[in-house]
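A.B. asks:
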Amino acid sequence: MRFVLALTERNIREKTGGPFGAAVFEQDSGKLVSVGVNVVIQQNCSAAHAEMMALMLAQKELDHYDLGDARFPAHRLVTSGKMCAMCLGNVCWSGIKEVLSSAEPEDVEKITGFDEGPAPQNYNQELERRGIKIKPELLRSEGQAVLQLYVDLGGHVYNATR
1 MRFVLALTER NIREKTGGPF GAAVFEQDSG KLVSVGVNVV IQQNCSAAHA
51 EMMALMLAQK ELDHYDLGDA RFPAHRLVTS GKMCAMCLGN VCWSGIKEVL
101 SSAEPEDVEK ITGFDEGPAP QNYNQELERR GIKIKPELLR SEGQAVLQLY
151 VDLGGHVYNA TR
């Protein structure tokens, strides 16, 4: 988690994206497979969330859409914040076996003003029902501090116009 939070902080300080980072690791060995940072503004793409980028790059690295394929070791997604509804959906279809997260959606909304969208009330149970382990709130105060850094450095909040 510290690696992902440091990656996120670097993304903020270098002004290369939003206040979110993620990485895919082999679950047992801990080998890094891919990293992703939020590049919504830079790519002019609302889907360019850190989790989406990390998962897409992991699939590209393994040359397969299913990270849970029997040919591969189990994979874990580590993310600086609990996923939004879009990223949650992608995780369900990615083959990831475990998700570790830091900041909670209420932290993101309260600290930054980002709209995290309508995540289901049974978020954790839905992942577990699909065989995906979830470990939320790891180093939560450090995750909150990274979000605060984004605000303190004048990071842009890019909620969609409604």
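First residue of the sequence shown: 1, per the UniProt record's numbering; consecutive thereafter.
Don't be surprised by glycine CBs; every beta carbon is placed ideally from N, CA and C.
Just to confirm my understanding: we take residue 37, look at its own chain, exclude 5 residues before and 5 after, and list those with CB closer than 6 angstroms. What are they?
C.D. replies: Position 37 of the sequence shown, counted from the first residue, corresponds to residue 37. Cβ within range, chain order: 11, 17, 21 and 50.
A.B. asks: Are residue 88 and residue 135 closer than 8 angstroms when you measure CB to CB?
C.D. replies: To locate residue 88, count along the sequence shown from 1; it is residue 88. To locate residue 135, count along the sequence shown from 1; it is residue 135. No, the pair does not count as a contact, with Cβ atoms beyond the cut-off.
A.B. asks: Candidates 125, 80, 117 and 121: which alpha carbon is nearest residue 148's?
C.D. replies: Against the sequence shown, residue 148 aligns to sequence position 148. Closest by alpha carbon: 80.
A.B. asks: Check whether the Cβ atoms of residue 23 and residue 40 sit closer than 8 angstroms, and answer yes or no.
C.D. replies: Along the sequence shown, read from residue 1 onward, the residue named residue 23 stands at position 23. Along the sequence shown, read from residue 1 onward, the residue named residue 40 stands at position 40. No. Outside cutoff.
A.B. asks: Does DSSP put residue 99 in a helix, a strand or coil?
C.D. replies: Position 99 of the sequence shown, counted from the start, is the residue given in the question as residue 99. Residue 99: strand per DSSP, three-state reduction.
A.B. asks: So the beta strand (DSSP E) residue 81 belongs to, where does it begin and stop?
C.D. replies: Here residue 81 is taken as the residue at index 81 of the sequence shown, counted from 1. It spans 75 to 81 - the beta strand (DSSP E) in which residue 81 sits, taken as one unbroken run.
A.B. asks: Which of the three DSSP states is assigned to residue 157 in this structure?
C.D. replies: In the sequence shown, counting from the first residue as 1, residue 157 sits at position 157. Residue state, collapsed to three classes: coil.
A.B. asks: Taking the beta strand (DSSP E) that residue 32 belongs to, which residues open and close that run?
C.D. replies: Sequence index remark: in the sequence shown, residue 32 carries index 32 (1-based). Taken as a continuous stretch (DSSP letters only), the beta strand (DSSP E) holding residue 32 covers 32 to 37.
A.B. asks: Compute the Euclidean distance between the alpha carbons of residue 74 and residue 137, then round it to the nearest angstrom.
C.D. replies: Taking the sequence shown and counting its residues from 1, the one referred to as residue 74 is at position 74. Taking the sequence shown and counting its residues from 1, the one referred to as residue 137 is at position 137. Cα-Cα distance, rounded: 22 angstroms.
A.B. asks: Among 124, 155 and 128, which has the Cα closest to the Cα of residue 113?
C.D. replies: Here residue 113 is taken as the residue at index 113 of the sequence shown, counted from 1. The candidate whose alpha carbon is nearest that of residue 113 is 155.
A.B. asks: What's the C-alpha gap between residue 150 and residue 140?
C.D. replies: Along the sequence shown, one-based indexing puts residue 150 at 150. Along the sequence shown, one-based indexing puts residue 140 at 140. So the two alpha carbons sit approximately 16 angstroms from each other.
A.B. asks: To the nearest angstrom, how far is the alpha carbon of residue 91 from that of residue 9?
C.D. replies: Translated into positions along the sequence shown, residue 91 becomes position 91. Translated into positions along the sequence shown, residue 9 becomes position 9. So the alpha carbons of these two residues sit roughly 23 angstroms apart.
A.B. asks: Measuring straight from C-alpha to C-alpha, what distance separates residue 120 and residue 25?
C.D. replies: Translated into positions along the sequence shown, residue 120 becomes position 120. Translated into positions along the sequence shown, residue 25 becomes position 25. Taking the straight line from one Cα to the other gives about 26 angstroms.
A.B. asks: Per DSSP, what kind of secondary structure is residue 116 in: helix, strand or coil?
C.D. replies: Translated into the one-based positions of the sequence shown, residue 116 becomes position 116. Note: residue 116 maps to coil in three-state DSSP.
A.B. asks: How many angstroms separate the CA atom of residue 131 from the CA atom of residue 123?
C.D. replies: For this step, residue 131 is matched to residue 131 along the sequence shown. For this step, residue 123 is matched to residue 123 along the sequence shown. Approximately 13 angstroms, taken between the alpha carbons.
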